[in-house]
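Sequences listed follow chains A and B, in order. Start counting the first sequence at 0; every next residue gets the next number (numbering that gives the first Met the number 0). Start counting the second sequence at 0; every next residue gets the next number (numbering that gives the first Met the number 0). Note that beta-carbon positions come from the ideal geometry of N, C-alpha and C, so glycine has one too. Here the structure comes first, spelled out in structure tokens, and everything after it is commentary.
Number of protein chains: 2
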Amino acid sequence: MSKSEQALDPRVRRTRKLLKQAFMELMQKKGFNALTVQDITDQAEINRATFYAHYADKFELHDQLLLEWFREKLNEYDVHQESSFCGNNLRNLIYAVCDYQARLSHGCHPADLQYKPAIEELIQGEIYSIVYQWMRQLEGIQQAEITAVAISWSIFGAGLQWGKTQTHSKELVADTVIAMIRDGLKSQVTRLPELVGSL
Amino acid sequence: MSKSEQALDPRVRRTRKLLKQAFMELMQKKGFNALTVQDITDQAEINRATFYAHYADKFELHDQLLLEWFREKLNEYDVHQESSFCGNNLRNLIYAVCDYQARLSHGCHPADLQYKPAIEELIQGEIYSIVYQWMRQLEGIQQAEITAVAISWSIFGAGLQWGKTQTHSKELVADTVIAMIRDGLKSQVTRLPELVGSL
DNA sequence: TGAAATTCGTTGTTTAAGCAACACAGGAGG
DNA sequence: CCTCCTGTGTTGCTTAAACAACGAATTTCA
């Protein structure tokens with residue numbers, strides 16, 4: 000549990016927990032479309048007005064929940080912004096993305112796939128944030144922002160693609176993406192030997 | 000769910016539900032004695048002051064929970080005060096008492112058997128209330144209160160004894176107690192035939 | 001289409017839960 | 001003996017959730 004969650008008023012934690020739980024149960028049963036705010040608050044036994052004190056609408060709840068799932072996956076693989084840009088961390092980050100995409104592809108109601116693009120933006124942003132923080136700790140990196148964008152999208156895209164079919168192994172995905180990043184970075188880095196050694 | 004519970008503020012229902020749940024979990028783990036109010040509220044993630052807004056102490060929570068179990072058993076067997084004094088209802092009442100006692104004897108931490116007497120008073124009172132209401136609908140009953148006390152204690156006692164050992168079947172217990180009630184009532188009833196026929 | 005019913009998003013007020021602090025009662029151990 | 005420590009009930013104040021009500025937007029379906 001993150002620090003911010005821990006410091007929250009217990010009533011707030013309870014309310015959000017119940018709303019998320021109710022949302023997940025109803026997602027399984029009815030899917031996202033055929034689902035009203037009233038349904039969620041009835042199921043959670045929370046007043047409808049209270050819902051709006053926490054979320055603007057059901058879309059926001061949906062997005063927050065999926066972002067939370069992703070962050071949980073990151074924690075499972077010990078992926079943190081404070082870590083360093085090395086092959087092992089990159090690998091774990093890729094695994095987390097893969098696991099997350101697998102859950103999305105399977106656990107969701109078929110009719111709701113149309114909402115995946117909305118959340119993808121958030122997830123890619125999260126990946127970018129991590130990669131960029133990793134890169135900032137390196138010396139001799141040119142155009143760190145743009146490079147981080149490119150790397151984060153490549154990781155996100157690879158995970159997304161893998162989640163759909165899961166034809167090959169996660170390990171192969173990670174190997175390939177890491178190799179590509181290593182080669183791709185050669186043009187951006189001034190002190191090549193030490194960076195490449197870490198990948 | 001009873002009418003009174005239904006009408007309660009959802010926050011109250013939530014709080015009590017969480018406290019009861021935490022209490023049950025800690026009962027399994029530590030037993031009643033080695034268990035503080037602080038423990039319960041920590042486990043339930045409820046403020047300690049809020050505990051005292053609902054229960055005087057852990058004893059009251061304990062009693063209410065056990066009474067609730069018994070009432071659930073009564074509902075399972077469709078035993079209600081509004082029903083009539085007949086053999087079938089008596090039988091179900093006896094079954095409910097037996098099931099309840101069995102749960103008490105088994106599900107409880109060994110060190111806590113000392114607290115059983117406290118709750119027994121409540122349970123017997125509950126049985127009395129039902130039996131007395133049943134009897135009030137009958138005509139020609141003398142000394143209904145005293146008779147109801149005797150009957151309720153006999154049912155309670157038989158169930159208590161059975162719960163400890165469970166040597167014979169619930170059916171046998173019910174047959175025996177009902178037969179005893181039928182014979183015992185002969186001295187209290189003016190219109191014997193119709194009453195005995197219902198037993 | 002048009003009327004009825006839902007759902008939405010918001011508001012003001014009431015009520016319950018959180019929280020910190022208090023005095024007090026036992027128990028353990030120096 | 002006294003002190004430290006933990007658990008107990010209780011209090012005043014703050015904050016979040018319940019609730020009823022509203023106009024507006026949507027959906028339903030006759």
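Using only the alpha-carbon positions, how far apart do residue i and residue j sit?
i, j, result
"B:Ala178", "B:Thr40", "48 Å"
"B:Lys16", "A:Gln63", "27 Å"
"A:Gly124", "A:Asn46", "33 Å"
"A:Gln132", "B:Arg102", "57 Å"
"A:Asn87", "A:Val96", "14 Å"
"B:Gly176", "B:Ile118", "In the sequence under discussion, the amino acid at residue 176 of chain B is Val, which differs from the Gly named in the question. Distance between the alpha carbons of B:Val176 and B:Ile118: 22 Å."
"B:Asp56", "A:Phe50", "33 Å"
"A:Arg181", "A:Val148", "15 Å"
"A:Leu65", "A:Gly30", "15 Å"
"B:Asp98", "A:Glu44", "31 Å"
"B:Ala157", "A:Ala52", "55 Å"
"B:His105", "B:Met23", "14 Å"
"B:Arg13", "B:Phe69", "21 Å"
"B:Val130", "B:Ala143", "10 Å"
"A:Lys19", "A:Asp38", "12 Å"
"A:Ile150", "A:Tyr127", "8 Å"
"A:Met26", "B:Ile140", "59 Å"
"A:Lys185", "A:His61", "40 Å"
"B:Glu75", "B:Leu34", "31 Å"
"A:Phe155", "A:Glu138", "25 Å"
"A:Val11", "A:Tyr94", "32 Å"
"B:Lys28", "B:Gln42", "12 Å"
"A:Leu121", "A:Glu71", "15 Å"
"A:Leu7", "A:Asp174", "40 Å"
"B:Leu73", "B:Ser82", "12 Å"
"B:Tyr54", "A:Pro9", "20 Å"
"B:Glu67", "B:His79", "14 Å"
"B:Leu92", "B:Leu159", "13 Å"
"B:Asp77", "B:Thr146", "23 Å"
"B:Val36", "A:Lys163", "50 Å"
"B:Tyr168", "B:Asn32", "Going by the sequence as given, residue 168 of chain B is Ser instead of Tyr. Using only the alpha carbons, I get a separation of about 33 Å."
"B:Leu89", "B:Glu170", "12 Å"
"A:Thr166", "A:Gly183", "25 Å"
"A:Gln136", "A:Ala21", "42 Å"
"B:Ala48", "A:Val172", "54 Å"
I'd like to know whether the C-beta of residue i is nearer than 9 Å to at least one C-beta of chain B.
i, result
"A:Glu24", "no"
"A:Lys19", "no"
"A:Phe50", "no"
Does the beta carbon of residue i sit closer than 9 Å to a beta carbon anywhere in chain A?
i, result
"B:Ile39", "no"
Would you mind telling me which residues of chain A sit closer than 8 Å to residue i, beta carbon to beta carbon, in chain order?
i, result
"B:Leu44", "Looking at the sequence shown, residue 44 of chain B is not Leu but Glu. In chain order: Pro9, Arg12, Arg13."
For my contact list, residue i and residue j are in at a C-beta cut-off of 8 Å; report their separation, rounded to the angstrom.
i, j, result
"A:Met134", "A:Phe58", "At roughly 32 Å, the Cβ-Cβ gap does not stay under 8 Å, so A:Met134 and A:Phe58 are not in contact."
"B:Trp161", "B:Gln100", "7 Å"
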